[in-house]
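In order, the protein sequence lines correspond to chains H and F.
Be aware that the first sequence starts at 16, since it is given in the numbering used here, and climbs by one per residue.
Be aware that the second sequence starts at 16, since it is given in the numbering used here, and climbs by one per residue.
Note that beta-carbon positions come from the ideal geometry of N, C-alpha and C, so glycine has one too.
Below is one structure; the comments refer to it alone.
There are 2 protein chains.
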Amino acid sequence: MSLPGPIDPPARLLMGPGPITAHPRVLQAMSAQLVGQYDPYMTAAMGEVQELYRGVFDTANAHTLLVDATARGAIEAALVSLVSPGDRVLVPIMGRFGHLLAEIAGRCGAEVHTVEAPWGEVVPLEAIAAAMERARPRVLAVVHGDTSTTMMQPFDGLRELCDRYDCLLYADVTATLGGNPFPVDAWGVDAATAGLQKCLGGPSGSAPATFSPRAVEVIEGRRSIEAGIREAGDPATAHPIRSNYFDLAMIFDYWGPRRLNHHTEATTMLYGARECARLVLEEGLGHYQGRHALHGEAMAAGLEGMGLRVYGDPAHKMANVVAVEIPEEVDGEAVRSALLADFGIEIGTSFGPLAGRVWRIGTMGWNARKDAVLTTLAALEAVLRYQGYGVPAGGGVDAAYDAYAGAGVAA
Amino acid sequence: MSLPGPIDPPARLLMGPGPITAHPRVLQAMSAQLVGQYDPYMTAAMGEVQELYRGVFDTANAHTLLVDATARGAIEAALVSLVSPGDRVLVPIMGRFGHLLAEIAGRCGAEVHTVEAPWGEVVPLEAIAAAMERARPRVLAVVHGDTSTTMMQPFDGLRELCDRYDCLLYADVTATLGGNPFPVDAWGVDAATAGLQKCLGGPSGSAPATFSPRAVEVIEGRRSIEAGIREAGDPATAHPIRSNYFDLAMIFDYWGPRRLNHHTEATTMLYGARECARLVLEEGLGHYQGRHALHGEAMAAGLEGMGLRVYGDPAHKMANVVAVEIPEEVDGEAVRSALLADFGIEIGTSFGPLAGRVWRIGTMGWNARKDAVLTTLAALEAVLRYQGYGVPAGGGVDAAYDAYAGAGVAA
């Protein structure tokens, strides 16, 4: 074969639902040379990562760490470690990623119960309460922000419900962490998992996760130590977790003071995850979230200024991504292709019932910036007009400028 | 909290059993900016990665791809996708990583059979044949090179055995791929998984893997499509694979022409994996492997020249790592600590029965180089002497020089 050349990606502004353009400081951190798995620098960096993500998750949880997989892998790690076969799991579903939680829980052997809302809405607390009463689940597994619809499920009342039914509360915050408030301890969340490729401004491939003492107790109760490194006195396993790679009890031992060898930590991803969290906390968690709100609102205002209709319940929209309905006379994929090919800008479509019906436009991480918002709006207007769909000249950018002015941001 | 500073690792020469110092070109590739998940550049890069790793695995397997996890995750992906609960799996064990295969197979619900050799030896073909006759396994799962002992299991005759018993042949080549011959097609291997952090000279976190048509048929027979993106006409699942993240049937769809969304590919790790394979094939697979043999032999000769005894059956040693017995009067951990603290050089110890009994010294990937070998030998000699253990002055470096000269490499 003739070898392909070195990696040399085209210029892109990634304004879809994620992955988004990585912050240059994250990529720079990831080009640092490796150290050994138990090098004092490495174990110190692991400790720093734990402390940094306690800040990002707004938690005191000792068991805060990275899962060496994409966000989806961390969901599976949480569920396979918390859920024993036969356990009942309740999943509120308002989009694709609720279905994913249900599917993963099912593969873990759970008896899965669901409570669904129409796409574009969230699941009312009363509906969840009624489903809890019916299902009596051991785990309530909730997608915080479902990017397929851009809806964000309120967590008000979920802890109280879980206390009433002695149930663990798991949250998939892949698409929301950093860009929307999600105080793990204040909201009484027992387990939460994320990814780097959304609001945290890094690449996919490492997944921050946190576990409350209550969750840890459940996981520790299923602890096992693999035969090859088991020592005298270590207990044998009665009901092992069905995955080795995602066995959080073993992963806790690897990240904890025993440093018991499990997998080989993905050093470069850890360097990147560390820098993502440093960026959040350097700016300040509240400001970082506020920046997502500001630019998300400006983007939505701009799209409406262009005459497009924002999809879904506005009271429950994620800050960092907006879905707009594709006008009937517009070929949505042709617009996306032209934006990518001619302007280097990527926006997304969606899944299932929304495939081809909406565009999804993200403003997150590094790209939650005024120039990224205005450039995207100007380019979208240009493409729509060039493809024959009349939009008010400058309407999108003007409306975004107005939104910024209204928020007190100088034009 | 006060924030830790930017990533700034100390200078290290990683001469342990892996991870090893990454090739600078790999780190450079990993600092490239992201593109979207379905960007034409991304899908082209995925295709290039597949073709590059066909070269590295020496296979025509269409289903050659990356698993987004460390090497351990790819082992689990292979076994959980190939093995249905209740299937019999036979694992030859000659060290820690054979135990790991058995443990992972057990978590997949397999009825696990093992056939063990003492540490430091390999499992004789006749013993495997007898165990096959007894166990009639559906999968024979073999560690190719077990870094815990540095032994490399011969594959001669395994395909014939598997044909006789209608059995799939899986190989864990994490520690050997690239540094030792492993022609997947010529040896009739049905599934093989690796990692980047050994002979391929990259960081942990992405795992190249390849699957024969026979393996693919088994996996396709267990196919499922998650509810959230299932379309009319797609079949429902009878016996789903017990993992979603490691469901290779879904991962095949993601890497295949349908590009059906599964996880979000870890773009930066893919960039790195691509450069690792480019380095192998640019040098030429045979030359790359030969370089590991050359420098591995020089390292072993140097250690013997220092009066140390190489551990294990020399006829079956991996090219890229050597274990030497720690002399009784020497504090092995004190030597390792001084090498790291004073020379910036990392070597390893081992696990279980070999913990504290041997040092393991690797010569792999970028570090399969003369300067890395000679520097390590000189530093080890210096530390041993400084700690009061008499070694012949210059004996290690001299012996390595001689080995290089004998191999026709100019000093």
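Inter-residue spacing [alpha-carbon to alpha-carbon] between residue i and residue j
i	j	result
V339/F	H277/H	24 Å
M166/F	P152/H	49 Å
A93/F	T164/H	33 Å
D268/H	Y404/H	58 Å
Y68/H	V412/F	46 Å
A222/H	L155/H	20 Å
R293/H	I341/F	42 Å
P25/F	G363/F	18 Å
R372/F	I35/F	22 Å
E361/F	A393/F	14 Å
M435/F	M45/H	Past the edges of chain F, shown from 16 to 426, lies residue 435/F, and the structure says nothing about it.
R436/F	V104/F	Absent from the model: residue 436/F. The displayed extent of chain F is 16 to 426, so no value can be given.
P139/F	Y180/F	18 Å
D54/H	A201/F	39 Å
L296/H	E344/H	45 Å
A146/F	E126/F	14 Å
A190/H	G271/H	27 Å
G193/H	H78/F	37 Å
E141/H	D171/H	11 Å
M284/F	G220/H	7 Å
Buried or exposed (CB count within 10 angstroms, at least 16 for buried), residue i
i	result
P424/H	The sequence shown places Val at residue 424/H, not Pro. The residue in question, V424/H, is exposed, as its Cβ has fewer than 16 Cβ neighbours within 10 Å.
G217/F	buried
H302/H	exposed
R274/F	exposed
S96/H	buried
G327/F	buried
S352/H	exposed
D205/F	buried
S17/F	exposed
Y401/F	exposed
P32/F	buried
D178/H	exposed
E175/F	exposed
Option in the options with minimal Cα separation from residue i
i	options	result
Y260/F	G403/F, T36/F, D83/F	D83/F
D102/H	G124/H, F112/H, T378/H	G124/H
D357/H	L399/H, K385/H, A330/H	L399/H
M109/F	F366/F, D417/F, E396/F, T378/F	F366/F
V158/H	R149/H, E312/H, L173/H	L173/H
M265/F	T283/F, A150/F, I234/F	I234/F
S258/H	F72/F, A89/F, A315/F	A89/F
L395/H	L323/H, E290/H, P255/H	L323/H
T225/H	H331/H, T162/H, A408/H, G70/H	G70/H
E63/F	G377/H, L29/H, I22/H	I22/H
G377/F	A414/F, G409/F, V406/F, V337/F	V337/F
K213/H	K385/H, N76/H, A334/H	A334/H
A408/F	A397/F, A418/F, A415/F, Y416/F	A397/F
A420/F	L354/F, G317/F, V406/F	G317/F
Limits of the unbroken alpha helix (DSSP H) element including residue i
i	result
A316/F	300-320
R87/H	86-97
I266/F	263-270
M39/F	Contrary to the premise, residue 39/F reads as Pro rather than Met in this sequence. Per DSSP, P39/F belongs to the alpha helix (DSSP H) from 39-44.
P55/H	55-72
A387/F	385-401
A230/F	228-235
A420/F	410-421
L173/H	173-180
N- and C-terminal bounds of the beta strand (DSSP E) containing residue i
i	result
Y185/H	183-187
R375/F	373-377
V336/H	336-340
G50/H	Per the sequence shown, residue 50/H should be read as Val rather than Gly. Element bounds for V50/H: n/a, residue is neither H nor E.
H78/F	78-82
L155/H	154-158
Residues bridged to residue i (per DSSP)
i	result
M109/F	According to DSSP, which records beta bridges pairwise, M109/F is partnered with nothing at all.
R103/F	E126/F
A449/H	Coverage of chain H is limited to positions 16 through 426, which leaves residue 449/H absent and any answer about it impossible.
E361/H	L29/H
K332/H	M166/H
E118/F	DSSP output for E118/F lists no bridge partner at all.
V325/F	V339/F
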